[in-house]
Amino acid sequence: MDPAFITPFIASIQNVFSTMMQLSVNIGDPRIKDTPGTTYDVSGIIGMSGDVVGSVVLSFPASTASRLVSLFTGTEMKSDNPDFPDAIGELANMVSGNAKGMFSGKRKVQISVPNVVIGPNHTVARPRDIPCIVIPCVTDCGDFVVEVCIQERPANAAAAPVAAAAKA
Amino acid sequence: MKILLVDDSKTMRNIQKSVLAQLGYTTIEEACDGQDALSKVNAFQPDLMLVDWNMPNMDGLTFVKTYRQMNKLTPIIMVTTESEKARVIEAIKAGVNNYVIKPFTPDLLSQRINETLHRKAS
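As they're listed, the protein sequences go chains A and B. Counting in the numbering used here, the first sequence runs from 1 upward without gaps. Counting in the numbering used here, the second sequence runs from 1001 upward without gaps.
Printed below as a string of structure tokens:
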């Protein structure tokens, strides 16, 4: 993965949390993720497509997610609240969208609507050929991570649809 | 003053409603995507709309383009994570009157709403 992708995510995490929740985020040393499965129990997932492909996952322990969502929404909220996934999804949307704005440049990149998974020991499937970088984050509400698994679209991926059309 | 909020995130709509309430605007209708907004806009006749970009079923840009074929006057503020200059230009060409990039502070959203309504009045 191009290291130039990581700095926008770090800046975005800090911008989103400070702007929407007045919460400062201390960023730890990014590391390569070498284990399957998400780090924690609550995942906000955003897909990316276009000139950059892959996925971004915000992964929180349930207790941290609950505190952050309560701060974000201004309402006490636990993970069984029907509005809880929406709040997590919106956090993932803003972190990914903000970062995309910083790294996309002349690239055309689209982000998906968010998906949210809640429950321990779940796995977010990722393409095996895209390395995943884990960005550790520390706040007064608890720790979480942002798992960035994106890369420039491979050059041959553009040729594939043309070849398929030619075959047809 | 009637305001239509178009965003697939209920959390975001609630945050916007809170800002609007502080400004004294409480006649609010909500839509969860562009398709939903099109089904409500004629009956509700909003004086202002806040519209997200990335939504399922019909995105915000498509909604704005469709709506502008019927109504060129009602002011629209796009509230979105799309921050690239090309995207902002695309939105303005489609008929958006103002633009707020998420994340935003309540003060910034208030300021953009006030300046949009002031421009409409003048």
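We put the CB at the ideal spot given by N, CA and C, even for glycine.
Residues that residue i contacts on chain B, provided the C-beta gap is smaller than 9 Å
{"i": "Asn15 of chain A", "result": "Pro1103"}
{"i": "Thr139 of chain A", "result": "Neighbours of Thr139 of chain A on chain B: none; closest Cβ ~15 Å, over 9 Å."}
Exposed unless 16 or more other CB atoms sit within 10 angstroms - verdict on residue i
{"i": "Met1070 of chain B", "result": "exposed"}
{"i": "Ser12 of chain A", "result": "buried"}
{"i": "Gly1034 of chain B", "result": "buried"}
{"i": "Lys33 of chain A", "result": "buried"}
{"i": "Ile1089 of chain B", "result": "exposed"}
{"i": "Ala1121 of chain B", "result": "exposed"}
{"i": "Ala163 of chain A", "result": "At Ala163 of chain A the pLDDT is 33, less than 50, meaning the model places this residue with poor confidence; the figure from the coordinates comes in the next sentence. The residue in question, Ala163 of chain A, is exposed, as its Cβ has fewer than 16 Cβ neighbours within 10 Å."}
{"i": "Ile1092 of chain B", "result": "exposed"}
{"i": "Leu1073 of chain B", "result": "exposed"}
{"i": "Lys167 of chain A", "result": "Any reading at Lys167 of chain A must be qualified, since the residue scores a pLDDT of 29, below 50, and its modelled position is unreliable; the value itself is stated next. Lys167 of chain A should be labelled exposed."}
{"i": "Asp129 of chain A", "result": "exposed"}
{"i": "Gly44 of chain A", "result": "buried"}
{"i": "Ser66 of chain A", "result": "buried"}
{"i": "Thr75 of chain A", "result": "exposed"}
{"i": "Arg1087 of chain B", "result": "buried"}
{"i": "Ala155 of chain A", "result": "exposed"}
Cutoff 8 Å; reference residue i; Cβ partners in own chain excluding five residues on either side
{"i": "Arg126 of chain A", "result": "Gly54, Ser55, Cys132 and Cys149"}
{"i": "Arg153 of chain A", "result": "Gly50, Asp51, Val52 and Val53"}
{"i": "Gln1022 of chain B", "result": "Pro1106 and Ser1110"}
{"i": "Gln14 of chain A", "result": "Ser24, Val25 and Ile27"}
{"i": "Pro1056 of chain B", "result": "Asp1008 and Asp1033"}
{"i": "Glu1029 of chain B", "result": "Lys1002, Ile1003, Leu1004, Leu1005, Lys1040, Phe1044 and Pro1046"}
Extent of the continuous alpha helix (DSSP H) to which residue i belongs
{"i": "Asn1114 of chain B", "result": "Pro1106 to Ala1121"}
{"i": "Gln169 of chain A", "result": "A query on residue 169 of chain A cannot be resolved here, the shown segment of chain A reaching from 1 to 168 and no further."}
{"i": "Phe1063 of chain B", "result": "Gly1060 to Met1070"}
{"i": "Thr1011 of chain B", "result": "Lys1010 to Gln1022"}
{"i": "Ile46 of chain A", "result": "That residue, Ile46 of chain A, is in no alpha helix (DSSP H); its beta strand (DSSP E) goes Val42 to Gly50."}
{"i": "Leu68 of chain A", "result": "Ala62 to Thr73"}
{"i": "Val1088 of chain B", "result": "Lys1085 to Ala1094"}
Enclosing beta strand (DSSP E) for residue i [first to last residue]
{"i": "Glu152 of chain A", "result": "Gly142 to Glu152"}
{"i": "Ala1031 of chain B", "result": "Thr1027 to Ala1031"}
{"i": "Tyr1099 of chain B", "result": "Asn1098 to Ile1101"}
{"i": "Lys1002 of chain B", "result": "Lys1002 to Val1006"}
{"i": "Thr1080 of chain B", "result": "Ile1076 to Thr1080"}
{"i": "Ile133 of chain A", "result": "Ile133 to Thr139"}
{"i": "Val1041 of chain B", "result": "Here Val1041 of chain B belongs to no beta strand (DSSP E); instead the alpha helix (DSSP H) covers Gly1034 to Phe1044."}
{"i": "Met1049 of chain B", "result": "Leu1048 to Val1051"}
Closer than 8 Å at the beta carbon, the chain A residues around residue i
{"i": "Thr1081 of chain B", "result": "Asn93, Met94, Ser96, Gly97, Asn98, Lys100, Gly101 and Ile111"}
{"i": "Met1012 of chain B", "result": "Glu90"}
Beta-carbon proximity list for residue i, same chain, < 6 Å, skipping 5 on both sides
{"i": "Pro8 of chain A", "result": "Ala99, Met102 and Phe103"}
{"i": "Cys26 of chain A", "result": "Sequence check: residue 26 of chain A is Asn here, not Cys. The residues are Val138."}
{"i": "Gln1045 of chain B", "result": "none"}
{"i": "Asn1097 of chain B", "result": "Pro1075, Ile1076 and Thr1116"}
{"i": "Ala87 of chain A", "result": "Val69, Phe72 and Thr73"}
{"i": "Asn93 of chain A", "result": "Pro114"}
{"i": "Ala4 of chain A", "result": "none"}
{"i": "Pro85 of chain A", "result": "Val116"}
{"i": "Pro136 of chain A", "result": "Gly28 and Val145"}
{"i": "Ile10 of chain A", "result": "Ile27"}
{"i": "Phe60 of chain A", "result": "Tyr40, Val42 and Phe144"}
{"i": "Met1049 of chain B", "result": "Leu1004 and Ile1076"}
Amino acids of chain A, ordered along the chain, whose beta-carbon sits closer than 9 Å to that of residue i
{"i": "Pro1056 of chain B", "result": "Val113"}
{"i": "Ser1110 of chain B", "result": "Correct list: empty, because the minimum Cβ distance to chain A is about 14 Å."}
Residue i: contacting residues in chain A (beta-carbon distance under 7 Å)
{"i": "Glu1084 of chain B", "result": "Gly101 and Ser104"}
{"i": "Asp1008 of chain B", "result": "Val113"}
Close beta carbons around residue i, own chain, < 7 Å, minus the five adjacent residues each side
{"i": "Leu23 of chain A", "result": "Phe17, Leu71, Thr139, Asp140 and Cys141"}
{"i": "Pro36 of chain A", "result": "Thr123"}
{"i": "Lys1102 of chain B", "result": "Val1079, Thr1080 and Thr1081"}
{"i": "Ser63 of chain A", "result": "Gly142"}
Chain B contact residues for residue i, given Cβ-Cβ distances below 7 Å
{"i": "Met48 of chain A", "result": "Those within 7 Å of Met48 of chain A in chain B number zero; the least Cβ separation is about 12 Å."}
{"i": "Asp86 of chain A", "result": "Ser1009, Lys1010 and Thr1011"}
Neighbouring residues, chain B, relative to residue i (Cβ below 8 Å)
{"i": "Asp83 of chain A", "result": "Lys1010 and Thr1011"}
{"i": "Thr19 of chain A", "result": "Pro1103, Phe1104 and Thr1105"}
{"i": "Phe72 of chain A", "result": "Thr1011"}
Next on the checklist: Tell me which residues of the stretch 1025-1049 of chain B have at least one Cβ-Cβ distance to chain A shorter than 7 Å, keeping chain order.
Outcome noted: none
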